[in-house]
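Some notes on the structure that comes next.
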Amino acid sequence: MRLRQSGFGWVVQAPAKLNLFLEVLGKRADGYHDLETVMVAINLFDTLILNEESSGEITLRCQHAGAILSRTNRARDEVPETRDNLVVRAAELLRSRCGVQRGVHIDLIKRIPAAAGMAGGSSDAAAVMFALNLIWKLGLSEIELRRLASEIGSDVCFFLSSASAATCRGRGEILEPCPLPLRLYFVVARPDSGLSTALVYRHCRPEAEPRGARELLQALQRGDLQRASQQLRNSLQPPAESLNADVRQLKEEFSRLPVVGHMMTGSGTAYFGLCQNRQSAMTAAARLRARGLSRVFVAESPP
Ligand code: C5P
Numbered sequence: 036m037r038l039r040q041s042g043f044g045w046v047v048q049a050p051a052k053l054n055l056f057l058e059v060l061g062k063r064a065d066g067y068h069d070l071e072t073v074m075v076a077i078n079l080f081d082t083l084i085l086n087e088e089s090s091g092e093i094t095l096r097c098q099h100a101g102a103i104l105s106r107t108n109r110a111r112d113e114v115p116e117t118r119d120n121l122v123v124r125a126a127e128l129l130r131s132r133c134g135v136q137r138g139v140h141i142d143l144i145k146r147i148p149a150a151a152g153m154a155g156g157s158s159d160a161a162a163v164m165f166a167l168n169l170i171w172k173l174g175l176s177e178i179e180l181r182r183l184a185s186e187i188g189s190d191v192c193f194f195l196s197s198a199s200a201a202t203c204r205g206r207g208e209i210l211e212p213c214p215l216p217l218r219l220y221f222v223v224a225r226p227d228s229g230l231s232t233a234l235v236y237r238h239c240r241p242e243a244e245p246r247g248a249r250e251l252l253q254a255l256q257r258g259d260l261q262r263a264s265q266q267l268r269n270s271l272q273p274p275a276e277s278l279n280a281d282v283r284q285l286k287e288e289f290s291r292l293p294v295v296g297h298m299m300t301g302s303g304t305a306y307f308g309l310c311q312n313r314q315s316a317m318t319a320a321a322r323l324r325a326r327g328l329s330r331v332f333v334a335e336s337p338p
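First residue of the sequence shown: 36, per the working numbering; consecutive thereafter.
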């Protein structure tokens, strides 16, 4: 992540992620599940603009990028502006743990769909922690920030690491960076409905025979997309499919596309196709839009 100062305030971009692999290994005593997952950051971003708030409060205004462009107030995803928003919780946590008295106003411009398995809320929270650590000159190390981040959510830590791809274990907060030698191209679709992460986990079944992400990572290291696509796995997809008809329909749609492989990301409902190159991702996106899907993105991982 990078913080820059503009005429509007401090600006930080929060990327979305896709899970190329997610195996649920077992349920834990604390109610979470142990995982092995491979997360890749993609070039779909929310934007956060931070300014000093003279009242001393932490305030948030959230707008959908599409609504700003079309000058309407119609929000396509309901994103809370209260303490329920992870952004506010992250700022409050940082302030209370570091004994800071200052306030901040955060403008959040959303592009990452909510309840989609793309960790938009987690990435926004990470972006706020990253930015406030610098703006408030707190001097926290990446490890210290990640420790705090794990209190906000399992995925937040990934975005606070400098890795653009990582194998994550524990409940998702233990990171092992896995730099990829190639840029990956995706077509991503989010249906009209979303899914609650907690609900999907409640219906999942741990893998009886976990195979681990090693073969997938080795295939990606060799640049062998065909082999890599055979190793895509998401233990949360079967429960998501049984809970949500849109996910089942997307799987159908993607199986007819000329993509190398396809899968749901995280707890859904967004679904991605791994593509040979940017052109084939754009062709697949056009076909999905022609089928009536409105929220379709072409995305790529950093090199
Ligand atoms: O960590 P986060 O707040 O994003 O998780 C949301 C919910 O998803 C948790 O309350 C839990 O029910 C479920 N979850 C889980 N195991 C994980 C991550 C999340 O059961 N590893």
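Using N, Cα and C, we set each Cβ at its ideal position, and we do this for glycine too.
The beta carbon of E92 sits closer than 6 Å to those of G138, all from its chain and outside the five residues before and after it, given in chain order. Taking a C-beta distance under 7 Å as the contact criterion, G327 and L309 do not qualify as a contact pair. In the DSSP assignment, T202 falls within the beta strand (DSSP E) that extends over A200 to G205. Taking 6 Å as the cut-off, one finds no heavy atom of the ligand C5P near enough to the beta carbon of H238. Of the residues assessed, P338 falls on the exposed side of the cut-off, its CB having fewer than 16 other CB atoms within 10 angstroms.
Per DSSP, V73 is one residue of the beta strand (DSSP E) stretching across H68 to E88. Between the C-alpha atoms of Q261 and P226 there is a straight-line separation of about 26 Å. Rounded to whole angstroms, the gap between the alpha carbons of W171 and R130 is 9 Å. Looking at the DSSP output, I144 sits in a beta bridge with T82 and Q98.
Taking all protein chains shown into account, F165 has 16 or more neighbouring C-beta atoms within 10 Å of its C-beta and is therefore buried.
In the displayed model, R257 falls within a helix according to three-state DSSP.
When secondary structure is reduced to three states using DSSP, P216 falls in the coil class, being assigned neither helix nor strand. K62 and D190 have their C-alpha atoms roughly 17 Å apart. DSSP links R39 through a beta bridge to V46. Using a cutoff of 6 Å, the CB of G61 does not count as near the ligand C5P, since none of the ligand's heavy atoms is closer than that. Relative to the non-hydrogen atoms of the ligand C5P, the Cβ of Y67 comes within a distance shorter than 6 Å of at least one. Per DSSP, the continuous beta strand (DSSP E) segment holding L309 begins and ends at Y306 to C310. Relative to the ligand C5P, S196 has its C-beta separated by 6 Å or more from all heavy atoms. Assignment of K286 by DSSP, reduced to helix, strand and coil, places it in the helix class. The alpha-carbon of L173 is positioned some 36 Å away from that of L252. For V333, there is no enclosing alpha helix (DSSP H); the enclosing beta strand (DSSP E) covers residues V331 to E335.
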